[in-house]
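J.: Going by my numbering, the sequence shown opens with residue 11, and the numbers climb by one from there. We treat Cβ as the ideally placed atom computed from N, Cα and C, and that holds for glycine. Below is a structure I'd like to ask you about.
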Amino acid sequence: MASPLEGYTNSNINRGGNRTNPVNRGDVNINRNSINVNGRNYRRPRNVNINTRRNVYVGRPGWRTYGSFWGPYGVHAGFAWLSFLTTALLIGSYSSAQNNQTTVYVYIVEEDGVQKEYHVDEDGETISVEVVK
């Protein structure tokens with residue numbers, strides 16, 4: 011599945027500025043609660059029942075929660091194509107038997123007004139995207 015930032019590099023995405031001032035450069039606009047990438051708007055999700063979302067994954071091997079962690083987890087911080095995760099809520103991670111036991115991280119982000127759950131492996135590849143109901 012193609013990432014919304016495919017083709018971008020760290021050099022052309024600016025995450026600078028402080029937490030209250032927006033950053034604008036090219037097709038990327040980042041502020042504390044939202045990011046606009048190539049005309050798509052990503053926001054922090056609202057009204058997420060985090061326990062309900064976590065309970066979906068409790069039985070998966072290696073399931074781990076991270077509390078209320080916002081933004082890309084450490085292994086994803088260096089991937090420019092995952093910058094839209096700046097506004098995402100990390101729900102947790104699990105071991106994927108289908109991907110050679112790699113760790114898959116589960117994020118929720120609001121994309122163009124729709125809450126979506128992104129499953130991203132430790133190499134920065136988006137495994138799946140599902141609409142949160």
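Which same chain residues end up closer than 6 Å to ARG74 when comparing Cβ atoms and leaving out the 5 residues on each side of it in sequence?
T.: Within the sequence shown, residue 74 is the residue found at index 64, counting from 1. These residues qualify, in order along the chain: GLY102 and SER103.
J.: What residue range does the alpha helix (DSSP H) around THR62 cover?
T.: Reading the sequence shown from its first residue, position 52 is the one you call residue 62. Looking at the DSSP string, the run of the alpha helix (DSSP H) that includes THR62 is 60-65.
J.: From the DSSP output, read off the bridge partner residues of TRP80.
T.: Walking along the sequence shown from the start, residue 80 turns up at place 70. Beta-bridge pairing links TRP80 to LEU99.
J.: Could you say if the stretch 87-106 and the stretch 59-74 meet the contact criterion of at least three C-beta pairs nearer than 8 Å?
T.: Because the criterion of three Cβ pairs below 8 Å is met, the stretch 87-106 and the stretch 59-74 touch.
J.: Less than 8 Å separating the beta-carbons of THR96 and GLY84?
T.: To locate residue 96, count along the sequence shown from 1; it is residue 86. To locate residue 84, count along the sequence shown from 1; it is residue 74. The answer is no: Cβ separation not under 8 Å.
J.: From the DSSP output, in three-state form, read off GLN108 for me.
T.: Sequence index remark: in the sequence shown, residue 108 carries index 98 (1-based). Three-state result, GLN108: helix.
J.: Hey, quick one: how far does the beta strand (DSSP E) through HIS86 stretch, first residue to last?
T.: Locating residue 86 in the sequence shown gives position 76, where the first residue counts as 1. Looking at the DSSP string, HIS86 is not in any beta strand (DSSP E), and its letter there is neither H nor E.
J.: So the candidates are GLU127, LEU92 and ALA90; which of them puts its Cα closest to the Cα of VAL139?
T.: Residue mapping note: residue 139 aligns to position 129 of the sequence shown, counting from 1. Comparing Cα positions, the closest option is GLU127.
J.: Using the Cβ count rule (16 or more neighbours within 10 Å means buried), how would you classify SER7?
T.: Residue coverage of the chain in this structure runs from 11 to 143, which leaves residue 7 outside it and unanswerable.
J.: Out of GLY49, ASP131 and TYR76, point me to the one whose CA is closest to GLN111's CA.
T.: Residue numbering aside, residue 111 sits at position 101 when the sequence shown is read from its first letter. Nearest of GLY49, ASP131 and TYR76 to GLN111, Cα basis: ASP131.
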